[in-house]
Structures are given as C-alpha cells and as structure tokens.
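Here the structure is laid out as structure tokens; the discussion comes afterwards.
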Amino acid sequence: MALRVLGRGVTADALETDTLDFKLVAESPKATLNLLADALVCFANAQGGTVVLGVDDRARERADALRGVPVGYTVDQIRKGVFDRTRPHITPFVGEKVVDGIRLILLSVPPGVLPHSNAAGLATRRLGKECLPFPPDQQREVMIARGQVDWSADVSVADITHLSTVELARLRRLLTASGRDHLADLGDRALLEALRLVTADGGVTNAAVLLLAEEHVLQRIVPSYGYSYQFRPSLGAEATGRMRAGRPMLAAIQSLVDAVEARREVHPLNLAGGVQLQLSDYPEQAVRELIVNAFIHRSYETGGTVDIEHSPERLAIISPGGLVSGVTAQNILTHPSTPRNRLLTETVAGLQLAERTGQGVDRAYREMLRLGKEPPQFEDSGTLVRVTLAGGIGNDSFARFVGGLPPKAARDVNVLLALSSLRHSASVDANRLAGAIQRSAAEAQDVLRTMADEHNLVEPTRRTAAKAFPAYRLRSESVAAMGRAVTYRRRGLDETDQKIIDHVREYGFVTNRTIQRLFDIHVFAARDILNSLRERELLGKIGEARGGKGVRYGPGPKFPR
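And the structure:
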C-alpha cells in the first residue's frame, strides 16, 4: 500500500511508521550494510518491522523517490552483512521487489527475544518514527515484561533458618483459607519447595525473603523494602495517623488494609428483596487489590517504599518503579498480565490475596463502578506509579440499579463503564466508549449492541441508527430505574416524565406503586422519580396521607395543561 501511493504527492517520510522505514543506498557497501544493521536492530528491539532499501524518503515526485538498488547488492550479501554486524546475530527476511521497473530490497525482522545491538555494542529501539537509545535499564525492563528476567525467583543470600515461624504459620492459614490444605499440611521445607520459594538445593528465593523472612533479615537483604501510611482529616490538614514499618509482605498487606478499613466510611443500602448492600468511600476489595499490586509489581531493584496517603477526599497508593514495559495508564485495564516479579505474583495469587489475570485492576474498577463511583486513576512518572481512588460515598441510586441487573451485566466492567458514562451524558457511541473501556471501536460497538439486544439497557438514537457506530442512549426504563444517578436532563419533558403525566391526566393521580409497575423498578427508584417531579413542581401531594402506600400525587403548579 505504501509503495503504491509513494511519490504521488506523498513523501516516503510521511509514510514511515513504528514498523516501516525507507533507506537510500549509501556511498559504499560497507556503509549501506552498517545502515541496514542499525535500522534492523532498532526494529528488533521494539515491535519488529520492515526496511525498504532504495527509496529517497524526502522526494515528492515518484521518479525521484524510487532510486533503486544496484544489482551488486545481492540478497545473500545483505543477509550475511546484517548477520555479521548485529549482536546477538539477526538473520532478516530479505527479498527483491521491482516497482515501476526499479529494483528495491525489502528487509523484515520480528521482535527480538533478547535485546540486540550493532557490532559496536550500540542498542537502539524504535519509538514512533525514531530510533532512540536503548540503555541497559530499559533493556532489563523489556526482558522482565517478556518473562525472561524475574528478580523474585533469583536465589538470595538467606537460608531457611532466616524465615519466620510466625509468617510460615500465616502462610499456612492463607493456604487453608484458599482451599489448598494439601500444601498447608506439608513440612516447612516441602511446603517451600512446592511453592518454588526454595530451590531443590536449598536456595531461598527473593520472593521467600519478601514474604517470610524475619524483619531484620528482610531489611538487610532487600534494603529498598518498606511501607508507610498516613491519614489526613482533609487534604490540607496535618496527618493525624501515621505508620512506617518493614514487616514481611503478608503481614504488611493486612496491616495497611486494616489501617484504611479502620477509617472507612460505610452506609448500608437496602435493595429489593431484603438484600442489603454497603456503600463505601473506599471499597475494601478495591483497596486490597491495589495494595497487593503495589507490593508485587513494584521494582525492588530501585529505592523507595510503598506509601498510602488517605483522606476523605482521596486515597492514593504509590509504589516505586514505573509500569512494566508495554503497560500504560491507557491500556492497564486490558493489557495482558505482565508481572514484574512473576514468582512473587504467582505465589500471592495462589493465596487468593489478589487476582492474577489482569493484575486485579478489573476488580478494582468493578468495585468502584458498581457503587456509582469513578474508576481508579493511574499515573506513571517512569519512576513511580500512583493510583488514586476518589473519596465520598457512592451513588445509592446507581448502586440499586446495578444491584437489580442480571449478574452477567452487573459484573461486566465494560457494561459498568458504559453505564457510568451514560449517567453524565445523553448518549455515547463506540468511538467515545473505546477510550473508556481501553478497547477498539469495533469492540466497544459489540458492548453497546449487547447492552441493547441482550440486556435492554440502551437503544440507538433515531438520528444515528443507520450508522456503523450509532449513538446509544439509555432506554426510558433505565433512566427511570437510575433515578437521581442520571445527572443530566433533556430539554423539556423526557419519556419518563411524559408517561407519568399521561397517567395523571387519565386517572387524576399516581402512586409510588403505580410508577413501580409502569417502569418495572423498585420502590426506591420510584421514590426518586416522584421526588424529582415534586421538586420541579410537576406533581404535588394530594389527600391527607403523610406516608406509606396511601400517598397520592396529583398535578402540581407546573403540570402541563
């Protein structure tokens, strides 16, 4: 495709991408082969890519852009030249292509298993259209992301006698609670070997030290380990609660979860059918997941501690080291799990302290969203990761609405994100939803279509229904059931209002029970609708009844005549 439009008002430079580059033959074969080796190293250290040799990337006319490659440059010569000039050696796919009678050479390389450099030891990596330096620390991060390096599985200088009997007992209790009694019943050495925390020859891994070592041993072997917690009654106030410690990880996680839990604000919420839900400023499962993640995914090869900043307005969890290579704040919800410390992550996941798949982020999202709160916000500075949860009690109307959904919809993070968006906006389309759910527009469209066809929650707007990606709005029944959770109001009367007004015109009054039947909603949602209509003076109380089933509502001062 690029070669077809090349030179027809489009320069080769404009067609270059993170996986495509154009080069001219240099003044000598040696210089040309060095040029190609450097370009392929750059691609191999990233996503792989293709170099087209014989093209001037700045010429605007096709005849000027297609410069060609002399026949003296053979496919075998180029392949061997690149092989000899790269470490570890790269053997590219090399082929000829004739375009408008001009001979070009195409060289392709897949992503490298290990970081590559040229013969002089220089390593670069393709980012966008540039080849940027690829220093050893970045190379290590890429190898970690690919599962080739695992610091937590390395053998430490500790031995089994350095492990705490108290923490071993805690480990056994967690194994029993997670249904792995057969492991909990093993002797110390057999248990540690079964969990791969100790090698066959008795070497104690770094993961074992983090989880089970005596505190003074942990501080000596992993000096960067530690954690802190502080609580402020408001963002700008002095801290009234502080903790700084270095207990082993299993104890540390519980200690920090307990510190947040002790100051957590909870409001009980009654649902239909006698079910009770708890509205919370910081849902316990979300907090636990994010604290666990901060410990198991942080870098222990850099300084810094896991720190928690707690106030009624927000809860921030900070951990040292940036996100693992390939993971960003924009794809963290959907990126395949890439643990920095694989053995540590697998051990903790086996104890059911956190999810392994998706790094537990989806659970944190779900727990926040289903209570009508915003999802976690991730920030990556390169050396620190900060996760922030917004404070304040969740939205009771939205929580009730979600509590009444089929389990499949109520547990689907994509559905919850779409509903959260539609609380604040009259409509949403696939292009807009794609960013929120961190998926493609086509996948976002599938989510919206399922919400419409299977769950009857949304419907395409009439004006956009014929488009490939129509805009979807909440069905009138969904708007009614959400009640006060919907923060916008369409101009004039919406469908919910109109149905109630029509009923009052016909029968003279309406009750809470009538609205429940009209929209198939629970008593609390019906109450919210009535309160809204009364606040806007569309309805008013009639009769002497003060409360209960007998209360009737008739036309108010602003009832449409």
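Counting in my numbering, the sequence shown runs without a single skipped number right up to 544 at its last residue.
Glycine included, every Cβ here is placed at the ideal spot set by N, Cα and C.
Closest by C-alpha distance to residue i, when choosing among the options
i, options, result
"G526", "N514, I498, E518 and F492", "F492"
"E272", "H72, T371, L262 and T444", "T371"
"E44", "L522, R(-13) and V344", "R(-13)"
"A464", "L501, H486, E489 and T447", "L501"
"T285", "L233, R369 and S302", "S302"
"D264", "P453, L336, E350 and A152", "E350"
"T57", "L36, A48 and H72", "L36"
"Q313", "Q335, D290, S282 and Q360", "Q360"
"I484", "E460, G537, L457 and T470", "G537"
"R50", "C25, L(-11) and G32", "L(-11)"
"A235", "I274, P543 and R297", "I274"
"A106", "G539, P71 and G130", "P71"
"I85", "I127, D1, V52 and T74", "V52"
"G55", "V92, Q30, P12 and Q259", "P12"
"L440", "D184, F384 and Y490", "F384"
"L457", "R353, S404, P540 and Q131", "S404"
"A152", "W134, R179 and L194", "L194"
"R172", "V307, A528, D164 and A183", "A183"
Residue j beta carbon less than 8 Å from that of residue i
i, j, result
"G209", "T288", "yes"
"V82", "S139", "no"
"A103", "H145", "no"
"Q421", "F452", "no"
"D363", "T328", "no"
"L262", "H250", "yes"
"D39", "L7", "yes"
"N17", "H99", "no"
"G309", "R281", "no"
"A382", "L175", "no"
"V92", "F26", "yes"
"L298", "G365", "no"
"W134", "N276", "no"
"F117", "R108", "yes"
"D290", "S211", "yes"
Own chain, CB closer than 6 Å to residue i, minus 5 neighbours either side, in chain order
i, result
"R339", "Because R339 sits at a pLDDT of 47, beneath the cut-off of 50, its placement in the model cannot be relied upon, and the point is left open."
"G78", "L89"
"A454", "S410, D412, T444 and T447"
"S459", "E478 and T479"
"F542", "L521"
"N378", "G355 and A468"
"A(-15)", "L(-2)"
"F76", "S91"
Identified DSSP bridge partners for residue i
i, result
"T107", "P116"
"Y208", "Answer is none; Y208 lacks a bridge partner."
"P443", "Y455"
"D21", "Paired residues: none, contrary to the question."
"H250", "L262"
"V226", "Note that residue 226 is Met in the sequence shown here, rather than Val. DSSP lists Y212 as partners of M226."
"L146", "A196"
"F417", "Strictly speaking, residue 417 in this sequence is Ala, with Phe absent from that position. DSSP output for A417 lists no bridge partner at all."
"G309", "According to DSSP, which records beta bridges pairwise, G309 is partnered with nothing at all."
"N101", "T69"
"V368", "S302 and D363"
"A373", "R297"
Own chain residues within Cβ distance below 8 Å of residue i, not counting five before or after
i, result
"N495", "V506, A509, R510, L513, K532 and V534"
"D137", "T188 and N189"
"A177", "L166 and L169"
"D480", "L516 and L521"
"T223", "F214, R215 and P216"
"V240", "E267, V270, R271 and I274"
"T470", "R406 and H407"
"I204", "S139, V140, A141, N189, V192 and A196"
Sequence-distant residues of its chain with Cβ nearer than 7 Å to residue i (five each side left out)
i, result
"K80", "L87 and L89"
"G341", "Note that G341 scores a pLDDT of 43, beneath 50, so its modelled location is shaky; the value from the coordinates is reported in the next line. Result list for G341: S320, in chain order."
"R474", "Bear in mind that a pLDDT of 44 at R474, under 50, signals an unreliable position, so the number given afterwards is only what the model happens to contain. So the list is empty, once near-sequence residues are dropped."
"A401", "V411, L416, V430, L431 and M434"
"R246", "F214 and H293"
"A424", "A413, N414, A417 and F452"
"R230", "E198 and S238"
"N397", "I420 and V430"
"E244", "E267"
"L218", "S294 and E296"
"T317", "Q421 and R422"
"L326", "D133, S135, A136, R179, T188 and A190"
### Query
Does the pairing of the stretch 123 to 133 with the stretch 64 to 75 give three or more beta-carbon distances under 8 Å?
no
### Query
Taking three-plus beta-carbon pairs below 8 Å as touching, is the stretch 441 to 455 in contact with the stretch 401 to 412?
yes
### Message
Whether or not the stretch 141 to 156 and the stretch 104 to 112 are in contact is what I'm after, with contact meaning three or more pairs of Cβ atoms, one per stretch, closer than 8 Å; do they touch?
### Response
With the cut-off at 8 Å, the stretch 104 to 112 and the stretch 141 to 156 do not touch.
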